[in-house]
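Chemist: Take a look at this one; I'll ask things after.
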Amino acid sequence: MSVPKVAIVGRPNVGKSSIMNWLAHKRISVVDPMAGVTRDRVTYLMHVADRYFEMIDTGGVGIVDVGELTDEVDTQIRIAMEQADLILFVVEGSAGITALDQEVSRRLRRIDTPKVIVINKCDSPKLDREAATFHALGDTHMELIPVSVKGNRNQEELLQVILRHLPPADDLEAEQGEDLDEVPELKLAIVGRRNVGKSTFINQLAETDRVIVSEIPGTTRDSIDVRFQMDGKSFVAIDTPGVRKRKSLANDVEWYGLARAKRSIRRANVVLMFLDCMETISRVDKQLVSEIHEECKPCIFVTNKWDLALNKSAEDWSDYVFKHFSHMRHVPIAIITALTGKNVKKLINLAQAIYKQSRQRVPTGVLNRVVRAAVKNWSPPLRMNRIPRILFAVQVGSEPPTIVLKCNAKELFDEDYKRYLLGVFREQLPFKEVPIKLYFRSKDADPDQAEREEAKAKRLEEMEDEDNFDDLEDEELTDADFDDE
Numbered sequence: 492m493s494v495p496k497v498a499i500v501g502r503p504n505v506g507k508s509s510i511m512n513w514l515a516h517k518r519i520s521v522v523d524p525m526a527g528v529t530r531d532r533v534t535y536l537m538h539v540a541d542r543y544f545e546m547i548d549t550g551g552v553g554i555v556d557v558g559e560l561t562d563e564v565d566t567q568i569r570i571a572m573e574q575a576d577l578i579l580f581v582v583e584g585s586a587g588i589t590a591l592d593q594e595v596s597r598r599l600r601r602i603d604t605p606k607v608i609v610i611n612k613c614d615s616p617k618l619d620r621e622a623a624t625f626h627a628l629g630d631t632h633m634e635l636i637p638v639s640v641k642g643n644r645n646q647e648e649l650l651q652v653i654l655r656h657l658p659p660a661d662d663l664e665a666e667q668g669e670d671l672d673e674v675p676e677l678k679l680a681i682v683g684r685r686n687v688g689k690s691t692f693i694n695q696l697a698e699t700d701r702v703i704v705s706e707i708p709g710t711t712r713d714s715i716d717v718r719f720q721m722d723g724k725s726f727v728a729i730d731t732p733g734v735r736k737r738k739s740l741a742n743d744v745e746w747y748g749l750a751r752a753k754r755s756i757r758r759a760n761v762v763l764m765f766l767d768c769m770e771t772i773s774r775v776d777k778q779l780v781s782e783i784h785e786e787c788k789p790c791i792f793v794t795n796k797w798d799l800a801l802n803k804s805a806e807d808w809s810d811y812v813f814k815h816f817s818h819m820r821h822v823p824i825a826i827i828t829a830l831t832g833k834n835v836k837k838l839i840n841l842a843q844a845i846y847k848q849s850r851q852r853v854p855t856g857v858l859n860r861v862v863r864a865a866v867k868n869w870s871p872p873l874r875m876n877r878i879p880r881i882l883f884a885v886q887v888g889s890e891p892p893t894i895v896l897k898c899n900a901k902e903l904f905d906e907d908y909k910r911y912l913l914g915v916f917r918e919q920l921p922f923k924e925v926p927i928k929l930y931f932r933s934k935d936a937d938p939d940q941a942e943r944e945e946a947k948a949k950r951l952e953e954m955e956d957e958d959n960f961d962d963l964e965d966e967e968l969t970d971a972d973f974d975d976e
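The numbering of the sequence shown is my numbering, which starts it at 492 and goes up by one.
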């Protein structure tokens, strides 16, 4: 048996997403007064006491979707209910039983799965007395529990009800739950403008209609984590809402979707930036790439719908992309057709290679030999009547690779020289296709510290002759010790 699934279902705007966020203690689903905000299945792994279970938030039953996706939303709800080990049927205590509640009840009767009626918006104990009336939606044996997300009432009681109705635990659940809880998978953020094929790509990976796919732009409104396996390895694909021009962000949900896309970039190990080869690169594309650049995230420019580009060459397309993103020339370009699955596996393999690069650590000796050769090839120009000198180099972090150059005065090194060194590092170190953070750190003004730096530099010169840097100890550094130039 795998990790149990708990589906949250009900008519629109009874607080399903609020209950999900409330139990998870974090904002997983978009919450908005506008009905129909949740369209896809949104999942979150819960760890309560010694049990693991996956909560699944669903769209509202019976909503007429403004994007004409009602059938697709209903399909997602049906899949969630059929796969669930427990169903939380959410109703609104202050509204009583409505026609849509009865429609949900009718659908649930077809499914032989344990169910609990969760009566939300019972902000005061007075409303608890009316709870028994909701037995009409099920039977007298179905458990009812009144809660209030707004009033923070009966949260622990609801969790205990869920635990009581879960199937018995086994060793596999604990093993899988712990694996998921630690999140060892490679996390891939799928970002791009609206209707560029992100959800089609996700469904190709998951081999099912995991997220709603449609020609209607803006189908995905939540960031959705979809776990999949390939060649025995686990991955998490984060499908994000498509972003459009700022002037088109007409409501809070779309603003929140933009924030979700940015947060997904921060969460990811590798970002797959989707571009449509049938469209020109837009301001939205540039906005997202700028966010990726600022977050120093490994990235792949994914060109989708290549089967439609009959009169384009890969070389011309590459030139066009880097004309707009000249500061990201280290980023590889992958050409795929998500609809047919062409080159999708190659893309995932490339993402793994990129992730491996970002985690690499270079021995101090190797790094210093590369730096000294670079300086010998092009010495930094004289500035302020002073000679810039690099005394020592050390890699202080990974994801992204972070290199600190101790120098006599960091203000003596201009941006041109920094770009030169970054190019050298990409060419000679295992960081060819990933961002590199490079800092210059001035030697301490303290005379004793300056002497130590000079001594270390001389020792490096001696060790270079001996071709042995391995015995040199790195000085521990923190972010506070250096500034970005």
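We treat Cβ as the ideally placed atom computed from N, Cα and C, and that holds for glycine.
#1: Under 8 Å, do Pro-823 and Glu-924 count as touching if we go by C-beta distance?
#2: Which residues in the same chain as Arg-600 place their Cβ atom closer than 7 Å to its Cβ, once the five residues preceding and following it in sequence are excluded?
#3: Leaving out five residues on either side along the sequence, give the residues of the same chain with a beta carbon under 8 Å from the beta carbon of Arg-799.
#4: Could you spell out where the beta strand (DSSP E) holding Thr-534 opens and where it closes?
#5: Can you give me the Cβ contacts of Ser-781 inside the same chain, cut-off strictly under 7 Å, excluding the 5 residues immediately before and after it?
#6: Near Lys-847, which residues of its chain fall below 8 Å by C-beta distance, leaving aside the five closest residues on each side in sequence?
#7: Along the beta strand (DSSP E) that carries Thr-893, what are the first and last residues, could you check?
#8: Can you give me the Cβ contacts of Arg-874 inside the same chain, cut-off strictly under 6 Å, excluding the 5 residues immediately before and after it?
#9: Excluding sequence positions up to five away, which residues of its chain have a Cβ less than 6 Å from the Cβ of Asn-834?
#10: Please report the straight-line C-alpha distance between Asn-859 and Lys-897, rounded to a whole angstrom.
#11: For a quick check, are the C-beta atoms of Ile-608 and Gly-629 less than 8 Å apart?
#12: Just to confirm my understanding: we take Lys-836, look at its own chain, exclude 5 residues before and 5 after, and list those with CB closer than 6 Å. What are they?
#13: Among the residues of its own chain, which have a CB less than 6 Å from the CB of Gly-642, if the five just before and after it don't count?
#14: In the DSSP assignment, what residue or residues form a beta bridge with Pro-637?
#15: Only counting the same chain, and skipping five residues up and downstream in sequence, which positions put a Cβ closer than 6 Å to that of Arg-598?
#16: Which residues does DSSP list as the beta-bridge partners of Glu-583?
#17: Which residues does DSSP pair with Ser-725 in a beta bridge?
#18: With DSSP as the reference, label Asp-619 as helix, strand or coil.
#19: Measure the Cβ-Cβ separation of Thr-731 and Ile-772 and say whether it is below 8 Å.
#20: Between Arg-850 and Val-727, what straight-line distance do the alpha-carbon atoms span, to the nearest angstrom?
#21: Taking C-alpha atoms, which residue in Ala-627, Trp-513, Glu-890 lies nearest to Ser-596?
#22: Express the C-alpha separation of Gly-914 and Ala-759 in angstroms, rounding to a whole number.
#23: Three Cβ pairs or more, each shorter than 8 Å: is that satisfied between the region 497 to 507 and the region 571 to 587?
#24: Along the chain, where does the alpha helix (DSSP H) that runs through Phe-904 open and close?
#25: Met-721 and Ile-839: beta carbons closer than 8 Å?
#26: Using the beta-carbon count (16 or more within 10 Å), is Ile-693 buried or exposed?
#27: When the Cα atoms are used, what is the spatial distance from Ala-752 to Lys-867?
Modeler: Taking the structure as given:
#1: yes
#2: none
#3: The sequence shown places Leu at residue 799, not Arg. The answer, listed in chain order, is Cys-768, Met-769.
#4: 533 to 539
#5: none
#6: none
#7: 893 to 898
#8: Leu-903
#9: Ile-827
#10: 11 Å
#11: yes
#12: none
#13: Asp-614
#14: Ile-610
#15: none
#16: Asn-611
#17: Gln-720
#18: helix
#19: no
#20: 18 Å
#21: Ala-627
#22: 25 Å
#23: yes
#24: Here Phe-904 belongs to no alpha helix (DSSP H), and DSSP marks it neither H nor E.
#25: yes
#26: buried
#27: 44 Å
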